[in-house]
Amino acid sequence: MKLINSISFLFAALLILVPNSIIAVLPGTWPPLNAPPPANANYTKLVNTTKLRNAPVNKVNATCPTTDQYCYWTCSTCTRNDTDIIRCPNKLDWGLTLDDGPTSFTTSVLDYLDTQNIKVTFFVIGSNVYTNPDILLRAYKAGHQIGVHTWSHNQLTTQTTEVVIAELMYTRDAIKAAINATPKYMRPPYGDYDDRIRDISTQLGMKPTIWDLDTNDWMSAEDPTFNLNWIAANFTQWVADPTLTATGHISLEHDLYNQTAAQIPIVVPILKKANYTIKPVSQCINDPYPYVESVVTPTAVATPTTRASAPTPTTDTSQIRGSPTQHAVTSTTPTSGIIFFPDVNGCFGKAIN
Ligand SMILES: *[C@@H]1O[C@H](CO)[C@@H](O)[C@H](O)[C@H]1NC(C)=O
Ligand SMILES: *[C@@H]1O[C@H](CO)[C@@H](O)[C@H](O)[C@H]1NC(C)=O
Ligand SMILES: *[C@@H]1O[C@H](CO)[C@@H](O)[C@H](O)[C@H]1NC(C)=O
Ligand SMILES: *[C@@H]1O[C@H](CO)[C@@H](O)[C@H](O)[C@H]1NC(C)=O
Ligand SMILES: *[C@@H]1O[C@H](CO)[C@@H](O)[C@H](O)[C@H]1NC(C)=O
Ligand SMILES: *[C@@H]1O[C@H](CO)[C@@H](O)[C@H](O)[C@H]1NC(C)=O
Ligand SMILES: *[C@@H]1O[C@H](CO)[C@@H](O)[C@H](O)[C@H]1NC(C)=O
Ligand SMILES: [Zn+2]
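See below:
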């Protein structure tokens, strides 16, 4: 009771802190924007914490451990086939992912993608969903996949389990409030995840989704010597690289900045010319259900020149809803044993992935 009271007080305080004009946008009560949300017992109880692999809560800017006991991506780019979505498995499939929106720049990306009838995946920040729910709804209605990218965009491995759960669940619920669908995919900010984060995400019914090809486009916001032409040059190089032809790929870009959003109309033609089919990540791994609800997303158009009008997501009423993982169709062999990596220093870069 005491806890409930103090939590209620906290939320009452938040209502005062958050500007009224923004409150009116997304129904519900939400934590302060762009800060790690408070633990919420209603969310915490969704996870059996005794089952989580016991990776330590990392210190910000800590050096990497000498052994990679918990498959910690930031230090080793370690991934696990049993849980992680890393690349599109099939040749000539391309999962184009855009992170950190929705922003005002997302709109121009959506305009362009509509003209091409192309669907992509947006991993969105809960705080930005709160600010721009209408832009998210437009993206969803156009048939793009929406995934969770945390509430405050902090490094998840530096947060307690209760706060990690809140980061994911407030974002999930903000997305649900905006689009009336509950995403089943998450991406850790900066790719900062380990086995504890994998287990929390999995128990919450969210598949951790990383990438295999990174444009580093975010650097354009911080490094004046970053040449925006490098982004397209990277795509041109990737589609010509014979070592990359055996599988499809998942690339990373951002709709957080005007100049990075503006690259989408430049890189899409490079992929099309190379005969790649751009699809949401869920589709490239053959999962017709990117949401808990039975929402079937429109299938990607294989022929690059086809201009069919974009179907909106429909509800598959033949499906009986069950647990969030009911429709998971991917099942890869779990990795056995632990992968060891040499010590890597300075593992906490300032990358805005
Ligand atoms: C938890 O759920 C209960 C019942 O729905 C609700 O009254 C309470 O406000 C919730 N607590 C928080 C912190 O959201
Ligand atoms: C949590 O997991 C532990 C270990 O598997 C199990 O013994 C326990 O019953 C679980 N608790 C709940 C509430 O499911
Ligand atoms: C971590 O390192 C960054 C970059 O060097 C620095 O700006 C920041 O203050 C550091 N944070 C902490 C908590 O040490
Ligand atoms: C790809 O991008 C990186 C920066 O992320 C840049 O250093 C590199 O030169 C680019 N590749 C090409 C072929 O331009
Ligand atoms: C965004 O970039 C486009 C094209 O580069 C430019 O025309 C436009 O003025 C920019 N908008 C803002 C708000 O900076
Ligand atoms: C793409 O497919 C077309 C038609 O099948 C073919 O002519 C062309 O050579 C392909 N391009 C590449 C880069 O593979
Ligand atoms: C994970 O999957 C990749 C690609 O399918 C495969 O090459 C690799 O051997 C797998 N790794 C493990 C440890 O099973
Ligand atoms: Zn990000």
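According to mature numbering (1 follows the signal peptide of the UniProt record, and there is no 0), the residues represented by the sequence shown are -24 to -1, 1 to 329, in order. C-beta atoms are modelled at their ideal positions from N, C-alpha and C, and glycine is treated no differently. Everything numeric in this text was worked out from a predicted model, so none of it was measured.
How big is the Cα-Cα spacing for residue i and residue j?
i: Asn30; j: Ile246; result: 43 Å
i: Thr22; j: Ala216; result: For the sequence presented, residue 22 should be read as Leu rather than Thr. The straight-line gap from Cα to Cα measures roughly 45 Å.
i: Leu220; j: Asp69; result: 12 Å
i: Gly167; j: Asn18; result: 27 Å
i: Ile155; j: Ser270; result: 14 Å
i: Gly102; j: Asn251; result: 34 Å
i: Ile207; j: Val243; result: 8 Å
i: Arg174; j: Asp87; result: 34 Å
i: Asn10; j: Val139; result: 13 Å
i: residue 333; j: Ala222; result: Beyond the ends of the chain as shown, which are -24 and 329, falls residue 333; an answer cannot be given.
Per DSSP, what kind of secondary structure is residue i in: helix, strand or coil?
i: Pro245; result: helix
i: Phe99; result: strand
i: Gly71; result: strand
i: Leu228; result: strand
i: Lys117; result: helix
i: Met162; result: strand
i: Pro14; result: coil
i: Tyr267; result: strand
i: Asp110; result: helix
i: Pro184; result: strand
i: Thr253; result: strand
i: Ile261; result: coil
i: Ser299; result: Confidence at Ser299 is low in this model, with a pLDDT of 30, below 50, so the placement of that residue is unreliable and no value is reported for it.
i: Asp190; result: strand
i: Ile61; result: strand
i: Gly77; result: coil
So that I know if they touch, is there some Cβ in chain C lying closer than 7 Å to that of residue i?
i: Asp193; result: Within the model displayed, chain C is absent; a lone protein chain is all it includes.
Buried or exposed: which applies to residue i, given that a residue is buried once 16 or more other Cβ atoms fall within 10 Å of its Cβ?
i: Val36; result: exposed
i: Arg172; result: buried
i: Glu198; result: exposed
i: Ser80; result: exposed
i: Gln259; result: buried
i: Lys249; result: exposed
i: Pro3; result: exposed
i: Thr158; result: buried
Going by alpha carbons, who is nearest to residue i out of the options?
i: Thr83; options: Lys117, Ala197, Thr253 and Ile62; result: Lys117
i: Gln179; options: Phe81, Ser52, Thr59 and Thr43; result: Thr59
i: Ala115; options: His129, Ser128 and Thr97; result: Thr97
i: Ile226; options: Lys255, Asn234, Leu232 and Pro218; result: Lys255
i: Ile261; options: Asn24, Glu229 and Ile62; result: Ile62
i: Ser196; options: Tyr169, Phe211, Pro165 and Tyr233; result: Tyr233
Exercise. Where are the alpha helix (DSSP H) runs, 4 residues long or more, that stay fully inside the stretch 18 to 54, in chain order?
Worked result: Correct list: 49 to 52.
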